[in-house]
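These notes are about the structure you will find just below.
Encoded structure:
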């Protein structure tokens, strides 16, 4: 339980987004720079009116594997969204949902909870990011160009290209950036300029520094660190993969609304 709680806290802290360049018609894709790719990806998300996908998350802390999740995402301009996540072995009842069908921003944290309404979407997403394994932040933050979760924000301006790779059957550019013990890697489709995978790698030293900083103002984290005897500080990795991407699907209000299943009510 302590390990799972720590991984949730780490995900919430580290999943927050982590920028721009120029390419010209007729350029050979092999010659695109990292900034070219980032710019084209940002422009592609900005051009979309709606978006949906499915995917999965996984995370490790040292040799410990955290709970894996599957998720589904629906997004539409200007402020409609729904992200549903489930544990991999649960096909029906969600573990949580964050959504707005145009009448407010809501977060449901799973069985025996009641939905909570938030004043704005960034607060709702901040609450959902850790408990969803990070799935609530990255694509929504990128699609809406938010401060929270935007994977193509200013922090990736110094990205470097790695060798191209495939995610499933999709040929992808691979961009990586990071300093001081934290590395973010993006797999961006060559044909669609959309994000197909996000990986965050964090060293034990970086994790210790950031958790101790957070513990100064959070008694829960302080108690967790003190009870662990320092054994929680391990290298960590989180991976978020996106599949079945649909561009500009004809989504309607029911695709964004959510009603708590009767079996999951308090």
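Residue numbers (this note's numbering): 22 to 287.
Glycine residues also receive a C-beta, built at the ideal position from the N, C-alpha and C atoms.
Residue i to residue j span [Cα, whole Å]
i, j, result
"residue 76", "residue 247", "35 angstroms"
"residue 196", "residue 286", "43 angstroms"
"residue 219", "residue 105", "18 angstroms"
"residue 16", "residue 234", "Examination of residue 16 is not possible in this model, given that the chain is present from 22 through 287 alone."
"residue 187", "residue 193", "6 angstroms"
"residue 68", "residue 216", "15 angstroms"
"residue 155", "residue 162", "11 angstroms"
"residue 141", "residue 126", "6 angstroms"
"residue 83", "residue 274", "42 angstroms"
Helix, strand or coil at residue i according to DSSP, with G and I counted as helix
i, result
"residue 177", "helix"
"residue 2", "This structure gives no information on residue 2, because the portion of the chain shown stretches from 22 to 287."
"residue 172", "coil"
"residue 230", "helix"
"residue 163", "helix"
"residue 192", "strand"
"residue 146", "helix"
"residue 132", "coil"
"residue 276", "helix"
"residue 151", "helix"
Burial state of residue i, where buried means 16 or more other Cβ atoms lie within 10 Å
i, result
"residue 179", "exposed"
"residue 115", "buried"
"residue 73", "buried"
"residue 57", "buried"
"residue 212", "exposed"
"residue 103", "buried"
"residue 166", "exposed"
"residue 237", "exposed"
"residue 60", "buried"
Inter-residue CB distance, residue i and residue j (contact presumed, cutoff 8 angstroms)
i, j, result
"residue 174", "residue 149", "Contact flag wrong, Cβ pair sits at about 19 angstroms."
"residue 129", "residue 147", "Rounded, the Cβ-Cβ distance is 15 angstroms, inconsistent with contact."
"residue 55", "residue 181", "6 angstroms"
"residue 258", "residue 225", "That belief does not hold up - the Cβ atoms of residue 258 and residue 225 are roughly 12 angstroms apart, past 8 angstroms."
"residue 123", "residue 100", "7 angstroms"
Between the segment 86-99 and the segment 220-238, do at least 3 Cβ pairs fall closer than 8 angstroms?
No, the segment 86-99 is not in contact with the segment 220-238.
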